[in-house]
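Peer 1:
Rendered as structure tokens:
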């Protein structure tokens, strides 16, 4: 504010001496003394202090890989085909003993991979293996696979929490970034927001963020605040020069945090509900103004 | 749901009739192999978990952690002496030393921007075999081990940005030890998908099972911040020969190799300027490489 006034006064009075410059800081209307003589200056009320609060965007990163699209799968399959067609010859004699079980298993798997890449008829005519030999090979390879625990089933990619639509579970939406959102009562109205709280005197912003996160979401989790730098700011009620009663500015600084272990157990006195939500789900719940302030801090994936 | 299920089961490979060859490719005179008339490039052939992790989480975090706010563009560097003018007949062809000596170790990091967010450029793995000086056939076991470890071979898949397995030769003549041009070791530069695959194997199979490995040892706090290694953005460490047997691709037939080889690993990042190595460590620790202070 101060520097802006100084700049404007400088541009208006380029030749002003230093003591005039000093004076010009006190009021903005010094450069036009004639108009100030006619209209008495409006005495504005001193603005109330801005309320600063710290908020935490608590994130659970993706825990499983995302499903590739059809285009991506086609691209990968095509590249894998080129790669297989152009690869240098594989030195069987170095890596395997002649006729060992490992070699049998490898060549069977390799044949399967080749057929997958180049079609079911690939290298069909080169085979002169008797049926008994093929069956014995297959049995041996199966046994080897069993020994190495290759028959273990993989976990399903859709969790129970997704099918039950459990918004409180940390296992939901494994492919996406999810964020905790809290529901509180504000002015006899329930609103959704990120964990937040005020800043005490002499406290640093990131310390306040940590304290507020624990006071709202409980100590039952292991979190890490990524940086001391805020990742964004949201001004709730920007100054309105027309309003007669100037409201204090409410400025919220956001910090990014990760949850490593545990689960949120919100303070029931303040928080009525909580949910782990993706960006798109957050948009449906929060106020439009708040959404405009926070949307760029959230991940689309 | 049904649409997604249909999409996941749909085949993405079409096996039609092979096209009729109308004109044969030119053959390489030396190898007698057909030469394609275009550069055939192989790119990513599978989704890459670690790369996704970088783009989902690490990149943002690295930016938030290393962001330095500068509200004005940086002032231009002060011209202490006259600049080099190649048209000046006096200066032409003369030696032009940098003003004020080498500025390495004194330059600040580049201004924070989306382009300068730290990223892993390549992983360089190398190893030397002393016995190869006596007989270069001793290098074969190491080459094979490196091929298995990294999945690279020599210029596989046509023209590549990475060379694959490269032979390192002696540069100097040191009496009783090495002569120039003698193959003594092997070096691999990994980029892209193979880099992330190697990193994944290292952090999930090797380091957790490696005995007495607490983490990569950090230098003492009193060490210089201006040394070339501290400002180069490279994190390096070594693995003992026992670690080779812990890579699953070697573990499966460890008997095939004449002996176990240790290796030096360098994580090369794009970080430059003061504190570059610390930023590189922060990135690498995001990929689950542990660090300890002695």
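Protein chains in written order, with UniProt numbering: chain A, 1 to 301; chain B, 1 to 294. The C-beta atom is built at its ideal place from N, Cα and C for all residues, glycine as well.
(1) I want to see whether chain B comes within less than 8 Å of residue 209 of chain A, judged by CB atoms only; does it?
(2) Determine the closest residue to residue 219 of chain B out of B/227, B/212, B/213, with distance taken between C-alpha atoms.
(3) Can you give the Cα-Cα distance for residue 196 of chain B and residue 243 of chain B, rounded to whole angstroms?
(4) Against residue 110 of chain B, what residues of chain A qualify as contacts under a CB-to-CB distance less than 7 Å, listed in chain order?
(5) Would you please verify whether the beta carbon of residue 124 of chain A is less than 8 Å from any beta carbon of chain D?
(6) Applying a beta-carbon distance threshold of less than 8 Å, which residues of chain A neighbour residue 52 of chain B?
(7) Out of curiosity, what's the CA-to-CA distance linking residue 310 of chain B and residue 67 of chain B?
(8) Does the separation of the CB atoms of residue 54 of chain B and residue 231 of chain A fall below 8 Å?
(9) On the DSSP bridge list, what partners appear for residue 27 of chain B?
(10) Does residue 5 of chain B have its Cβ less than 8 Å from a Cβ in chain A?
(11) Which residues, in order along the segment 61-83 of chain B, keep a beta-carbon less than 7 Å from a beta-carbon of chain A?
(12) Can we say the segment 209-219 of chain B touches the segment 182-200 of chain B, given the rule of at least three CB pairs closer than 8 Å?
(13) With a threshold of 6 Å on Cβ separation, who are the neighbours of residue 63 of chain A within its own chain once the five nearest residues in sequence on each side are excluded?
(14) Between A/258, A/251, A/85, A/147, which has its C-alpha nearest residue 105 of chain A's C-alpha?
(15) Per DSSP, which residues does residue 255 of chain A bridge with? Please list them.
(16) Going by C-alpha to C-alpha distance, which of B/231, B/200, B/235 sits closest to residue 217 of chain B?
(17) Indicate the three-state DSSP secondary structure (helix, strand or coil) for residue 147 of chain A in the structure shown.
(18) Below 7 Å CB to CB, which residues in the same chain sit around residue 283 of chain B once its five sequence neighbours on both sides are set aside?
(19) Please return the same chain residues whose Cβ sits closer than 8 Å to the Cβ of residue 295 of chain B, not counting the five positions on each side in sequence.
(20) Hey, how far is the Cα of residue 185 of chain A from the Cα of residue 78 of chain B?
(21) Quick check on this structure: which residue in A/252, A/138, A/291 has the alpha carbon closest to the alpha carbon of residue 55 of chain A?
(22) Using a threshold of 8 Å, state whether the C-beta atoms of residue 57 of chain A and residue 221 of chain A are closer than that.
(23) Within a Cβ cutoff of 8 Å, which residues of the same chain sit near residue 18 of chain A, ignoring the five residues on either side of it in sequence?
(24) Tell me where the beta strand (DSSP E) around residue 270 of chain B begins and ends.
(25) Could you compute how far the alpha carbon of residue 163 of chain B sits from the alpha carbon of residue 181 of chain B?
(26) Between which two residues does the alpha helix (DSSP H) containing residue 94 of chain A stretch?
(27) Extract the residue ranges of the alpha helix (DSSP H) inside the UniProt domain "Nudix hydrolase" (153-299) of chain A, only unbroken runs of 4 or more that lie entirely within it.
(28) May I have the straight-line CA-CA distance separating residue 32 of chain A from residue 206 of chain A, to the nearest angstrom?
(29) Please tell me whether residue 40 of chain B has its Cβ less than 8 Å away from any Cβ of chain A.
(30) Is residue 45 of chain B close to chain A, meaning its C-beta is less than 8 Å from at least one C-beta of that chain?
(31) Taking three-plus beta-carbon pairs below 8 Å as touching, is the segment 111-125 of chain A in contact with the segment 149-167 of chain A?
(32) Can you tell me whether residue 79 of chain B is helix, strand or coil according to DSSP?
(33) Can you check whether the C-beta of residue 194 of chain A is within less than 8 Å of a C-beta belonging to chain B?
(34) If you measure between the beta carbons of residue 261 of chain B and residue 127 of chain B, is that distance less than 8 Å?
(35) Assign residue 263 of chain B to one of two classes, buried (16 or more other C-beta atoms within 10 Å of its C-beta) or exposed (fewer than that).
(36) Can you look up residue 51 of chain A in the DSSP assignment and give me helix, strand or coil?
Peer 2: Short version:
(1) Reading the first chain from its first residue, position 209 is the one you call residue 209 of chain A. No, residue 209 of chain A does not count as interfacial toward chain B.
(2) Translated into positions along the second chain, residue 219 of chain B becomes position 219. Looking at the Cα atoms, B/227 is the closest of the given residues.
(3) For this step, residue 196 of chain B is matched to residue 196 along the second chain. For this step, residue 243 of chain B is matched to residue 243 along the second chain. Their backbone Cα atoms lie some 19 Å apart in a straight line.
(4) Mapped onto the second chain, residue 110 of chain B falls at position 110. Within 7 Å Cβ-Cβ: nothing; residue 110 of chain B doesn't reach chain A, min ~17 Å.
(5) Protein chains in the displayed structure are A and B, and chain D is not among them.
(6) Along the second chain, one-based indexing puts residue 52 of chain B at 52. In chain order: 62, 65, 66.
(7) Residue 310 of chain B lies beyond the residue range present for chain B, which begins at 1 and ends at 294; the question has no answer from this structure.
(8) Taking the second chain and counting its residues from 1, the one referred to as residue 54 of chain B is at position 54. Taking the first chain and counting its residues from 1, the one referred to as residue 231 of chain A is at position 231. Not a contact, by the Cβ cut-off of 8 Å.
(9) For the purposes of this step, residue 27 of chain B is taken as residue 27 along the second chain, with counting starting at 1. B/34.
(10) Within the second chain, numbered from 1, the residue matching residue 5 of chain B stands at position 5. With a pLDDT of 49 at residue 5 of chain B, under the threshold of 50, the predicted position of this residue should be treated as unreliable, though the coordinate-derived value follows. No - not a single Cβ of chain A is within 8 Å of the one on residue 5 of chain B.
(11) 61, 64, 65, 67
(12) no
(13) Looking up residue 63 of chain A in the first chain gives position 63. Hits under 6 Å: 174.
(14) The residue you call residue 105 of chain A lines up with position 105 of the first chain. Minimum Cα distance to residue 105 of chain A is reached at A/147.
(15) For this step, residue 255 of chain A is matched to residue 255 along the first chain. Paired residue(s): A/56.
(16) For this step, residue 217 of chain B is matched to residue 217 along the second chain. Minimum Cα distance to residue 217 of chain B is reached at B/235.
(17) Taking the first residue of the first chain as 1, we reach residue 147 of chain A at position 147. Looking at residue 147 of chain A - three-state DSSP - the assignment turns out to be helix.
(18) In the second chain, the residue the question calls residue 283 of chain B occupies position 283. Once the five neighbours on either side are set aside, the close Cβ partners of residue 283 of chain B are 58, 62, 118, 120, 269.
(19) The requested residue 295 of chain B is not part of the displayed model; chain B covers only 1 to 294.
(20) Position 185 of the first chain, counted from the first residue, corresponds to residue 185 of chain A. Position 78 of the second chain, counted from the first residue, corresponds to residue 78 of chain B. When rounded, the distance between both Cα atoms is 58 Å.
(21) Against the first chain, residue 55 of chain A aligns to sequence position 55. Measuring from the Cα of residue 55 of chain A, the nearest candidate turns out to be A/252.
(22) The count along the first chain starts at 1 and reaches residue 57 of chain A at position 57. The count along the first chain starts at 1 and reaches residue 221 of chain A at position 221. No, these two residues do not count as a Cβ contact at 8 Å.
(23) Taking the first residue of the first chain as position 1, residue 18 of chain A is located at position 18. Confidence is the limiting factor: at residue 18 of chain A the pLDDT is only 39, short of 50, which leaves the residue's position unreliable and the question unanswerable from this model.
(24) Here the question's residue 270 of chain B lines up with position 270 in the second chain. It is not in any beta strand (DSSP E) - residue 270 of chain B carries neither H nor E in the DSSP assignment.
(25) Within the second chain, residue 163 of chain B is the residue found at index 163, counting from 1. Within the second chain, residue 181 of chain B is the residue found at index 181, counting from 1. Cα to Cα, residue 163 of chain B sits roughly 19 Å from residue 181 of chain B.
(26) Mapped onto the first chain, residue 94 of chain A falls at position 94. Looking at the DSSP string, the run of the alpha helix (DSSP H) that includes residue 94 of chain A is 92-95.
(27) 160-163, 205-217, 279-285, 288-294
(28) Along the first chain, read from residue 1 onward, the residue named residue 32 of chain A stands at position 32. Along the first chain, read from residue 1 onward, the residue named residue 206 of chain A stands at position 206. A caution first: residue 32 of chain A carries a pLDDT of 41, below 50, which makes its placement in the model too unreliable to give a value.
(29) Position 40 of the second chain holds residue 40 of chain B. So, interface residue.
(30) Locating residue 45 of chain B in the second chain gives position 45, where the first residue counts as 1. Interface residue, yes.
(31) no
(32) Here residue 79 of chain B corresponds to residue number 79 of the second chain, with the count starting at 1. Three-state DSSP puts residue 79 of chain B in coil, outside helix and strand.
(33) Position 194 of the first chain, counted from the start, is the residue given in the question as residue 194 of chain A. With 8 Å as the cut-off, residue 194 of chain A does not count as an interface residue toward chain B.
(34) What you label residue 261 of chain B is simply residue 261 of the second chain in a count that begins at 1. What you label residue 127 of chain B is simply residue 127 of the second chain in a count that begins at 1. Against a cut-off of 8 Å, the Cβ pair of residue 127 of chain B and residue 261 of chain B comes out as a contact.
(35) Numbered from its first residue, the second chain carries residue 263 of chain B at position 263. Buried, by the Cβ-count rule.
(36) On the first chain, position 51 is the one that residue 51 of chain A refers to. The answer is strand: DSSP assigns residue 51 of chain A an E or B state.
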